[in-house]
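*Asks:* Numbering-wise, the sequence shown is residues 1 to 395 according to the UniProt record's numbering.
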Amino acid sequence: EALKKAQMEEQRKAELEDERDHQSEVDEELQQEKQELLQQAMRMRLEQEEEMRELNTLFLNAKCNMIRDKQVLEKRMIHKELAEEEKRLDKMLEMEREKAMEVQEELEHCRKQELIRWAQESLSEEEEEEEGALGLVASNPAWHFQAWEQKQEQKRKTFAEIQRFNMESQRLKDKQREQERLEDERVLQHQRQKAHEAALEAQQEQLRLEKEKELARLRAMQEQAQDWQAERDALRAKRNQEAADREWRRRELEKAQRKAEMEQQLRQDRLQQVAQKEQHLAMQMEQECQEFQRVLRTHQEQLEREKLQQELRELRQRAHAEDLRRQIQELRQQRQRERAAVIEEGRRQEQELRQRSQRLAQLRQQKLQEFRATGIPDKYCAQVERRARGSTAPS
Numbered sequence: 001e002a003l004k005k006a007q008m009e010e011q012r013k014a015e016l017e018d019e020r021d022h023q024s025e026v027d028e029e030l031q032q033e034k035q036e037l038l039q040q041a042m043r044m045r046l047e048q049e050e051e052m053r054e055l056n057t058l059f060l061n062a063k064c065n066m067i068r069d070k071q072v073l074e075k076r077m078i079h080k081e082l083a084e085e086e087k088r089l090d091k092m093l094e095m096e097r098e099k100a101m102e103v104q105e106e107l108e109h110c111r112k113q114e115l116i117r118w119a120q121e122s123l124s125e126e127e128e129e130e131e132g133a134l135g136l137v138a139s140n141p142a143w144h145f146q147a148w149e150q151k152q153e154q155k156r157k158t159f160a161e162i163q164r165f166n167m168e169s170q171r172l173k174d175k176q177r178e179q180e181r182l183e184d185e186r187v188l189q190h191q192r193q194k195a196h197e198a199a200l201e202a203q204q205e206q207l208r209l210e211k212e213k214e215l216a217r218l219r220a221m222q223e224q225a226q227d228w229q230a231e232r233d234a235l236r237a238k239r240n241q242e243a244a245d246r247e248w249r250r251r252e253l254e255k256a257q258r259k260a261e262m263e264q265q266l267r268q269d270r271l272q273q274v275a276q277k278e279q280h281l282a283m284q285m286e287q288e289c290q291e292f293q294r295v296l297r298t299h300q301e302q303l304e305r306e307k308l309q310q311e312l313r314e315l316r317q318r319a320h321a322e323d324l325r326r327q328i329q330e331l332r333q334q335r336q337r338e339r340a341a342v343i344e345e346g347r348r349q350e351q352e353l354r355q356r357s358q359r360l361a362q363l364r365q366q367k368l369q370e371f372r373a374t375g376i377p378d379k380y381c382a383q384v385e386r387r388a389r390g391s392t393a394p395s
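(1) What would DSSP say about I376, mapped onto helix, strand or coil?
(2) Among the residues of its own chain, which have a CB less than 7 Å from the CB of E205, if the five just before and after it don't count?
(3) So for E350, helix, strand or coil by DSSP?
(4) Report yes or no: do three or more beta-carbon pairs, one from the segment 83–103 and one from the segment 185–203, lie closer than 8 Å?
(5) Report the rounded CA-to-CA distance for I328 versus R337, giving the unit in angstroms.
(6) Between the alpha carbons of E25 and M42, how many angstroms are there, rounded?
(7) Less than 8 Å between the beta carbons of L58 and A382, yes or no?
(8) Helix, strand or coil for R49? Go by DSSP, reduced to three states.
(9) Taking the C-alpha atoms as reference points, what is the distance between V384 and L363?
(10) Taking the beta carbon of S395 as the centre, do at least 16 other beta carbons fall within 10 Å, making it buried, or is it exposed?
(11) Given K34, which residues of its chain have a CB within under 7 Å of its CB, disregarding the five upstream and five downstream residues?
(12) I need the straight-line Cα distance from Q104 to Q189, nearest angstrom please.
(13) My guess is that Y380 and M66 are in contact by the Cβ rule of under 8 Å, so how many angstroms apart are they, rounded?
(14) So, is K91 buried or exposed, given that buried needs 16 or more other C-beta atoms within 10 angstroms?
(15) Exposed or buried, what is A160 when buried is set at 16 or more other beta-carbons lying within 10 Å of its beta-carbon?
(16) Among the candidates D184, E344, L360, F371, whose CA atom is the shortest distance from the CA of E96?
(17) Reducing DSSP to helix, strand and coil, say where V384 ends up.
(18) What's the call for A62, buried or exposed, on a 16-neighbour Cβ count within 10 Å?
(19) Taking only the alpha-carbon atoms, compute the straight-line gap between E153 and V187 and give it to the nearest angstrom.
(20) Taking the C-alpha atoms as reference points, what is the distance between E322 and L315?
(21) Below 8 Å between beta carbons: does that hold for L368 and E49?
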């Protein structure tokens, strides 16, 4: 039974220890979450500072500049490639045209050479026939006439062949010119097509730029809405803090008023006590004076009375001077306390300003690192850092 109780006690201690550990872990997690929420609230409040707004604007401008430069570069590369392709096509067309002209000239030259050779052979045959026929002309005139007709027929055939060759040459030249004209029209049509495609591409590029500009505007509006919501949250937190500060100042003011009222009441009580004491002292001195007058009853009564009155005046003056010195000393001490409080408040505000500047600098450096980590080129990161340093430089 004792062993069982001991085991139960050990188990209860272990459970209590586990519960304490679990509670400690829960408290630690809650503390960590609270710290994270405080850091997020601090960052949101710092994000509403003018410097952070300017830095966010620099980030957005840098991204827009990068996109615009990239688009301009891509457009230039496309135009360059199109121009190079156009030059290459023109060069190829010119080479094909020159090659076709060379082939045509070669064919025409061969035909001319063939025609000249054929004409020379025909003339040689005619001369031989004329020489052979000279011996037969006298004895056979009919044959001479027939030979002459054959010769004329041969000349007509030769002339007709030459005309046919000239017409064929002219036809080939016309065909060549027509091919060249068609080729020029094809090149012109190709250029027009390229120009039309370039215009369409430019129009599409313009539409794409406008679409990206609209998307950038929508993103900016979305970020502005997020900033506005964050600003509302920060403003709500600021108002809550200001309400708490006002409540604290109200309580402090009421405390100061109560303290001032108590001090006023104490001063009135002291003044009343002094007045009562002076009245009592005056009554006592009056009684003593009357007693003294009754005792002396001599001719020095008037002199002694004046002397007594002079002493009373001096006594009152000394008491009044002492009270004035005391009040002056209290006023000096109060002024010293007020100056010390003002100095302490100035030191506190200066410390808050230093801490705010440090937090802003840390957040600025963190945002610059996050901006660089997004893959933005170094040129735009350097521009943002340079402008950020310029905007935060002391004037």
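C-beta: ideal position from N, C-alpha, C; glycine also.
Note that the coordinates shown come from a computational prediction; the quantities given were computed from them, not determined experimentally.
*Replies:* To lay it out plainly:
(1) Coil.
(2) Closer than 7 Å at the Cβ level, and outside the excluded window around E205, lie K75.
(3) Of the three classes helix, strand and coil, the one that applies to E350 here is helix, per DSSP.
(4) Output reads yes: the segment 185–203 touches the segment 83–103.
(5) Looking at the backbone, the Cα of I328 and that of R337 are separated by about 14 Å.
(6) Going from the Cα of E25 to the Cα of M42 covers about 25 Å.
(7) Pairing L58 with A382 gives a Cβ-Cβ distance that is not under 8 Å.
(8) Per the sequence shown, residue 49 should be read as Glu rather than Arg. The three-state reading of DSSP puts E49 in coil, since its state is none of H, G, I, E or B.
(9) If I take the Cα positions, the gap works out to 15 Å.
(10) Residue confidence is low: S395 scores 42 on pLDDT, short of 50, so the model does not pin down where it sits. No coordinate-derived value is stated.
(11) Exclusion of the five residues before and after K34 leaves no residue of its chain whose Cβ lies closer than 7 Å to its Cβ.
(12) Their backbone Cα atoms lie some 25 Å apart in a straight line.
(13) With a beta-carbon spacing of about 5 Å, Y380 and M66 fall inside the 8 Å limit used to define contacts.
(14) Residue environment: K91 is assigned as exposed (fewer than 16 neighbouring CB atoms within 10 Å of its CB, all protein chains considered).
(15) Per the 10 Å Cβ criterion, exposed.
(16) Of D184, E344, L360, F371, the residue nearest in Cα terms is D184.
(17) In the structure shown, V384 sits in a helix (DSSP, three-state: H, G or I).
(18) Counting C-beta atoms within 10 angstroms of its own C-beta, A62 has 16 or more neighbours from the protein chains shown and is therefore classed as buried.
(19) Those two C-alpha atoms are separated by around 50 Å.
(20) Going from the Cα of E322 to the Cα of L315 covers about 11 Å.
(21) Between L368 and E49, the C-beta spacing is not below 8 Å.
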